[in-house]
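Structure record follows, encoded as structure tokens.
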Amino acid sequence: MSKPRVATVWLDGCSGCHMSLIDMDERLLDIFERADLVYGPLVDIKEFPENVDVCLVEGAVSSEEDLHKIRKVRERTKVLIAFGDCAVTSNVPGMRNPIGVAPLMDRAYRENVTLNPQVPTQWIPALLPTSEPINRVVPVDIFLPGCPPHADLIYTLLDDLLSGRTPAVAGARFGR
Ligand code: SF4
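For the sequence shown, position 98 matches number 259 in our numbering, and the numbering has no gaps at all.
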């Protein structure tokens, strides 16, 4: 019998949630003996695959690229987990929302730059007007808050899901 297919995705976050995932230490072996890791920053696979059973999504939806990716992830995933506070509330990326995109880009690329200040017009994904939590864009099945969520919580959640139990992680919220 094939193993459940697990993916992780990194949108607009600092990678701290993925660091906490790695902090599961030897329990990573337990999880990935029972599941296949089919996509994420920890594996070298370029295209988000079809038929993913569980996907942990770190970060807010901040750019056109994030938007395109989260829609594809939703289409191809059974259980989508908003992984950490940036995914759940927009958290740190959302701090730029009251500023507006144009003043933000000016500050980053003109005011704070001494050499050849200019706002880039190519190669970087266009920012959305605001940075949004995932559930404002697509339905989310499980919310796992924390900045980052503790490794014990991540393990308990994945262990429950892979064992066929209803997840009982304190602080997690379920349902679309
Ligand atoms: Fe980083 Fe915290 Fe956001 Fe996770 S929730 S990506 S640790 S800022």
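Note that the Cβ used here is the ideal one computed from N, Cα and C, for glycine as well.
Note that the structure is a prediction, hence the values are computed from the model and not measured.
Please determine if the stretch 222-236 and the stretch 292-311 are in contact, where contact requires at least 3 C-beta pairs separated by less than 8 Å. yes
So, with DSSP's three-state summary, where would you put residue 196? Position 35 of the sequence shown holds residue 196. Coil.
Excluding sequence positions up to five away, which residues of its chain have a Cβ less than 6 Å from the Cβ of residue 320? Translated into the one-based positions of the sequence shown, residue 320 becomes position 159. Excluding residues within five positions, none has a Cβ falling inside 6 Å.
May I have the straight-line CA-CA distance separating residue 280 from residue 261, to the nearest angstrom? Translated into positions along the sequence shown, residue 280 becomes position 119. Translated into positions along the sequence shown, residue 261 becomes position 100. Between residue 280 and residue 261, the C-alpha separation is close to 15 Å.
Going straight from the alpha carbon of residue 184 to that of residue 271, what length do you get? In the sequence shown, counting from the first residue as 1, residue 184 sits at position 23. In the sequence shown, counting from the first residue as 1, residue 271 sits at position 110. Computed Cα separation, rounded: 38 Å.
Residue 202 vs residue 179 beta-carbon contact at 8 Å: The count along the sequence shown starts at 1 and reaches residue 202 at position 41. The count along the sequence shown starts at 1 and reaches residue 179 at position 18. Yes, Cβ-Cβ distance for residue 202 and residue 179 is below 8 Å.
Spatial neighbours of residue 254 within its chain, please: CB distance less than 8 Å, with the 5 preceding and 5 following residues excluded, ordered by chain position. By one-based count along the sequence shown, residue 254 stands at place 93. Correct list, in chain order: 173, 174, 220, 221, 223, 247 and 292.
Determine the closest residue to residue 256 out of 244, 294 and 275, with distance taken between C-alpha atoms. Taking the sequence shown and counting its residues from 1, one reaches residue 256 at position 95. The option with the nearest alpha carbon to residue 256 is 294.
Which residues neighbour the ligand SF4 when neighbourhood means a C-beta less than 6 Å away from any of its non-hydrogen atoms? List them by chain order. 174, 175, 177, 178, 219, 220, 245, 246, 247, 252, 253, 308 and 309
Three-state secondary structure (DSSP) of residue 214: Here residue 214 refers to the residue found at position 53 of the sequence shown. Strand, per DSSP.
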